[in-house]
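**Student:** Chains as they are written, first to last, in my numbering: chain Z, 658 to 886; chain U, 658 to 886. Ideal Cβ positions, reconstructed from N, Cα and C, are used throughout, including at glycine. Right, I'll just put the structure down here and ask away after.
Protein chains: 2
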Amino acid sequence: MDDLKTFELPDVTCGGQGTDVEACACETPRKRGRPRAFDPDVVLETVLELFWMRGFANTSLDDISAATGVSRPSLAATFGDKEALYLKAMERYRNGISGQLDTVLQCNGPGDNLRGIVNRYFDVMISSYTGETEDCLGCAFMCTALNEAPRHESIMSVLQGTIEEFDARFEHFFTKAQEMGHIGSNQDPKVMSQMITSLTSSLAVRARAGASREDLKAIVDATTSFLFP
Amino acid sequence: MDDLKTFELPDVTCGGQGTDVEACACETPRKRGRPRAFDPDVVLETVLELFWMRGFANTSLDDISAATGVSRPSLAATFGDKEALYLKAMERYRNGISGQLDTVLQCNGPGDNLRGIVNRYFDVMISSYTGETEDCLGCAFMCTALNEAPRHESIMSVLQGTIEEFDARFEHFFTKAQEMGHIGSNQDPKVMSQMITSLTSSLAVRARAGASREDLKAIVDATTSFLFP
DNA sequence: ATATTTTTATGCGACATCGCAAATAAATAT
DNA sequence: ATATTTATTTGCGATGTCGCATAAAAATAT
Numbered sequence: 658m659d660d661l662k663t664f665e666l667p668d669v670t671c672g673g674q675g676t677d678v679e680a681c682a683c684e685t686p687r688k689r690g691r692p693r694a695f696d697p698d699v700v701l702e703t704v705l706e707l708f709w710m711r712g713f714a715n716t717s718l719d720d721i722s723a724a725t726g727v728s729r730p731s732l733a734a735t736f737g738d739k740e741a742l743y744l745k746a747m748e749r750y751r752n753g754i755s756g757q758l759d760t761v762l763q764c765n766g767p768g769d770n771l772r773g774i775v776n777r778y779f780d781v782m783i784s785s786y787t788g789e790t791e792d793c794l795g796c797a798f799m800c801t802a803l804n805e806a807p808r809h810e811s812i813m814s815v816l817q818g819t820i821e822e823f824d825a826r827f828e829h830f831f832t833k834a835q836e837m838g839h840i841g842s843n844q845d846p847k848v849m850s851q852m853i854t855s856l857t858s859s860l861a862v863r864a865r866a867g868a869s870r871e872d873l874k875a876i877v878d879a880t881t882s883f884l885f886p
Numbered sequence: 658m659d660d661l662k663t664f665e666l667p668d669v670t671c672g673g674q675g676t677d678v679e680a681c682a683c684e685t686p687r688k689r690g691r692p693r694a695f696d697p698d699v700v701l702e703t704v705l706e707l708f709w710m711r712g713f714a715n716t717s718l719d720d721i722s723a724a725t726g727v728s729r730p731s732l733a734a735t736f737g738d739k740e741a742l743y744l745k746a747m748e749r750y751r752n753g754i755s756g757q758l759d760t761v762l763q764c765n766g767p768g769d770n771l772r773g774i775v776n777r778y779f780d781v782m783i784s785s786y787t788g789e790t791e792d793c794l795g796c797a798f799m800c801t802a803l804n805e806a807p808r809h810e811s812i813m814s815v816l817q818g819t820i821e822e823f824d825a826r827f828e829h830f831f832t833k834a835q836e837m838g839h840i841g842s843n844q845d846p847k848v849m850s851q852m853i854t855s856l857t858s859s860l861a862v863r864a865r866a867g868a869s870r871e872d873l874k875a876i877v878d879a880t881t882s883f884l885f886p
């Protein structure tokens, strides 16, 4: 059962987070002009929260400026226009999730079975969908990018890329799992993958509509019991 | 196999559509003042298209006025403010889908089996998600309501109601199906229902991201073959 | 110290959006 | 015919939003 170790998926480039202005004196000879008064990553985190809860169109640069304490011209100089800022915030969001999935979608030693791994995956997603506050989060892509995709080619593109990443991840995962005999040779890895991604989008919708962590876990448990008996 | 006929679900109130101004002289003694120069239902159809493709915040009353030929004050007098107009358009959308599901989610005589019924259901949903143009539609609720829900209690409420309607519909459907022995007594109707609703939301997301009718049908076929062998 | 570079602060101008108010138009009731 | 009712048209004012331009500040290079 420990040959599940070979489940790990190829690394997804995970942008350098937590780049503190002061702490980053590791090797940088410090640039020429006036130094930035804010940490771009911290700003992007706040920006993500705003877009996530209010949507792209409903979030003004003034809102962002007020919430981050960074003036509009500084935002523009650092991130570009509103769309570029949105894309950077979403890229960070996606990398954060991807990094967690890289960790969780592999075997943690013997006794770790397929159903356990899949349940861990859903724990990660449920956490990201429900957060730590009372806010109804859901998936930041589904909540905001679905809305904007037809009007912004770049947003459509990143949405498609995210879907493809999830598909590729799970198709690869279940193909490997089948090769090792953890699912029957009569089952289709593609179908298993579709079940997982489908349930994922369903959880995202329900979370946005107010479902609790427990509600979502109950749904996941019932489904994984059925899929991995 | 024809006892599947008892599958039909309770009627969902389906608002009177196609109310033509002239054709509706059936019984109406015609109201007092100046008659309306437009059909509210036709307007709502156009309004839905606008909101669907551009989202709530990105669609201005001026856009709607231009697309429908109805001036802003007339829109306000007929439908109320922007939020009320959105809700009425979405109610019409939902009723349209519900009406189709009432028809399709019941047995059409002997030879109509569970998998056939579920496939018919997905045909309806795929049609509504892909439409007849080149536009990437998806689900109007997921594309727009997920975005606005945290900021508008009424939109959150109609989103929750729609989710509950689908859940109730399929839980009832599979409970009946199980009582009649069309699915094993060891299977959980709730889980089957979750599989269907999950796949539904997945199709909606994929459609919005550009998946074709054929792409979606392939996913549905693979899944229903697995669920109803 | 002075110049150079980069970021920050302030503010203006153009435009879109919404709600509302007043005047006009088209029907029925008496 | 006149009055009444309802819809439509036109237009104004307040607000929000974005992009840009200019001035000030804070660092390094020489």
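Counting contacts by CB-CB distance shorter than 7 angstroms, is U/MET799 in contact with chain Z?
**Tutor:** Taking Cβ atoms only, chain Z reaches closer than 7 angstroms to U/MET799, which makes this a yes.
**Student:** In or out: Z/ASN843 buried (at least 16 other Cβ within 10 Å) or exposed?
**Tutor:** Z/ASN843 is exposed by the Cβ-count criterion.
**Student:** Looking at the C-beta of Z/PHE664, does it have a partner C-beta in chain U at a distance below 7 angstroms?
**Tutor:** Low local confidence applies: a pLDDT of 39 at Z/PHE664 is under 50, so the model's placement there is unreliable, with the coordinate-based value given in what follows. No, because no Cβ of chain U sits closer than 7 angstroms to the Cβ of Z/PHE664.
**Student:** So with Cβ pairs under 7 angstroms, would you call U/THR880 a contact of chain Z?
**Tutor:** Yes, because at least one Cβ of chain Z sits closer than 7 angstroms to the Cβ of U/THR880.
**Student:** Less than 7 angstroms between CB atoms is the rule here; does Z/MET710 satisfy it with respect to chain U?
**Tutor:** Yes - at least one Cβ of chain U is within 7 angstroms of the one on Z/MET710.
**Student:** Give a yes or no on whether the minimum CB-CB distance between Z/ALA615 and chain U is below 7 angstroms.
**Tutor:** Nothing can be reported for residue 615 of chain Z: it is not among the residues displayed for chain Z, which extend from 658 to 886.
**Student:** So, is Z/GLU706 buried or exposed, given that buried needs 16 or more other C-beta atoms within 10 angstroms?
**Tutor:** By the 10 Å Cβ count, Z/GLU706 comes out buried.
**Student:** Restricting to Cα atoms, I'd like to know which of U/LEU701, U/ASP780 and U/ARG711 is closest to U/LEU873.
**Tutor:** For the residues U/LEU701, U/ASP780 and U/ARG711, the minimum Cα distance to U/LEU873 belongs to U/ASP780.
**Student:** Kindly indicate which residue of Z/ARG693, Z/GLU871, Z/PHE883 and Z/ARG689 has the alpha-carbon position closest to the one of Z/THR787.
**Tutor:** The shortest C-alpha separation from Z/THR787 is found at Z/GLU871.
**Student:** Let me know the alpha helix (DSSP H) ranges lying completely inside the segment 789-850 of chain U, each 4 residues or longer, listed in chain order.
**Tutor:** Complete alpha helix (DSSP H) runs here, min 4: 810-836.
**Student:** If you measure from the beta carbon of Z/SER855 to each beta carbon in chain U, is any gap under 7 angstroms?
**Tutor:** Taking Cβ atoms only, chain U reaches closer than 7 angstroms to Z/SER855, which makes this a yes.
**Student:** Give every residue of the same chain whose Cβ lies closer than 6 angstroms to the Cβ of Z/ALA694, excluding the five residues on either side of it in the sequence, and list them in chain order.
**Tutor:** None.
**Student:** Would you check if the distance between the CB atom of U/ALA797 and the CB atom of U/ILE812 is smaller than 7 angstroms?
**Tutor:** Not closer than 7 angstroms, so no.
**Student:** If I follow the unbroken alpha helix (DSSP H) through Z/THR716, where does it start and stop?
**Tutor:** No alpha helix (DSSP H) contains Z/THR716, which DSSP labels as neither H nor E.
**Student:** Tell me, to the nearest whole angstrom, how far the beta carbon of U/SER859 is from that of Z/SER855; I am working on the premise that it is less than 8 angstroms.
**Tutor:** Yes, U/SER859 and Z/SER855 are in contact; Cβ-Cβ is about 4 angstroms, under 8 angstroms.
**Student:** So U/LYS739 is in the alpha helix (DSSP H); what residue range does that whole segment cover?
**Tutor:** Note, U/LYS739: alpha helix (DSSP H), 739-761.
**Student:** Buried or exposed for Z/VAL678, going by 16 or more other Cβ atoms inside 10 Å?
**Tutor:** Annotation note: pLDDT 33 at Z/VAL678 (below 50); position unreliable, coordinate value reported separately. Its Cβ having fewer than 16 others within 10 Å, Z/VAL678 is exposed.
**Student:** Count the C-beta pairs between the segment 812-826 of chain U and the segment 740-751 of chain U that are closer than 8 angstroms, then say yes if the count reaches three, no if not.
**Tutor:** The answer is yes - the segment 740-751 of chain U touches the segment 812-826 of chain U, with three or more Cβ pairs under 8 angstroms.
**Student:** If contacts are defined as beta-carbon pairs under 8 angstroms, then U/ARG826 and Z/ARG711 qualify, I think. What distance do you get, rounded to the angstrom?
**Tutor:** The Cβ separation is near 32 angstroms, so there is no contact.
**Student:** Pull up the distance between the alpha-carbon of U/PRO730 and that of U/ASP738, whole angstroms please.
**Tutor:** Roughly 10 angstroms between the two C-alpha positions.
**Student:** Looking at chain Z, is there any beta carbon in it that lies within less than 7 angstroms of the beta carbon of U/ALA866?
**Tutor:** Yes, its Cβ sits closer than 7 angstroms to a Cβ of chain Z.
**Student:** Which value, in whole angstroms, describes the spacing of the CA atoms of Z/ALA866 and Z/MET782?
**Tutor:** Straight-line Cα distance between these residues: approximately 16 angstroms.
**Student:** Measuring only between beta-carbons, confirm whether U/VAL815 sits less than 7 angstroms from chain Z.
**Tutor:** With 7 angstroms as the cut-off, U/VAL815 does not count as an interface residue toward chain Z.
**Student:** May I have the straight-line CA-CA distance separating U/GLY838 from U/PHE831, to the nearest angstrom?
**Tutor:** Between U/GLY838 and U/PHE831, the C-alpha separation is close to 10 angstroms.
**Student:** By Cβ distance below 8 angstroms, which residues in the same chain neighbour Z/ASN804 in space, the five residues on each side in sequence not counted?
**Tutor:** Counting only Cβ-Cβ distances below 8 angstroms, and skipping sequence neighbours, we find GLY712, PHE713 and ALA714.
**Student:** Could you check the C-alpha separation between Z/ILE883 and U/VAL848 for me, to the nearest Å?
**Tutor:** Looking at the sequence itself, residue 883 of chain Z is Phe, so the reference to Ile does not match. Each residue's Cα considered, the two are about 8 angstroms apart.
**Student:** Taking only beta-carbon atoms, is U/LEU803 less than 7 angstroms away from chain Z?
**Tutor:** Yes, its Cβ sits closer than 7 angstroms to a Cβ of chain Z.
**Student:** Between Z/ILE820 and chain U, is there a C-beta pair that is closer than 7 angstroms?
**Tutor:** It does: the Cβ of Z/ILE820 has a partner Cβ on chain U nearer than 7 angstroms.
**Student:** Which chain U residues sit within Cβ distance under 8 angstroms of Z/ASP792?
**Tutor:** Result: PRO807.
**Student:** Checking 7 angstroms against the spacing of the C-beta atoms, do Z/THR725 and Z/PRO697 come in under that value?
**Tutor:** Cβ atoms of Z/THR725 and Z/PRO697: not closer than 7 angstroms.
**Student:** For U/ALA834, would you say it is in contact with chain Z, using Cβ-to-Cβ distances shorter than 7 angstroms as the test?
**Tutor:** No, U/ALA834 does not count as interfacial toward chain Z.
**Student:** If you check the beta carbons only, do Z/THR881 and Z/VAL727 fall under 7 angstroms apart?
**Tutor:** No, Cβ-Cβ distance for Z/THR881 and Z/VAL727 is not below 7 angstroms.
**Student:** Using 7 angstroms as the limit for Cβ to Cβ distance, is Z/SER785 near chain U?
**Tutor:** No, Z/SER785 does not count as interfacial toward chain U.
**Student:** Which residues mark the beginning and the end of the alpha helix (DSSP H) in which U/ARG693 is found?
**Tutor:** Element bounds for U/ARG693: n/a, residue is neither H nor E.
**Student:** Can the beta-carbon of U/THR857 be found less than 7 angstroms from the beta-carbon of U/ARG751?
**Tutor:** Contact: no.
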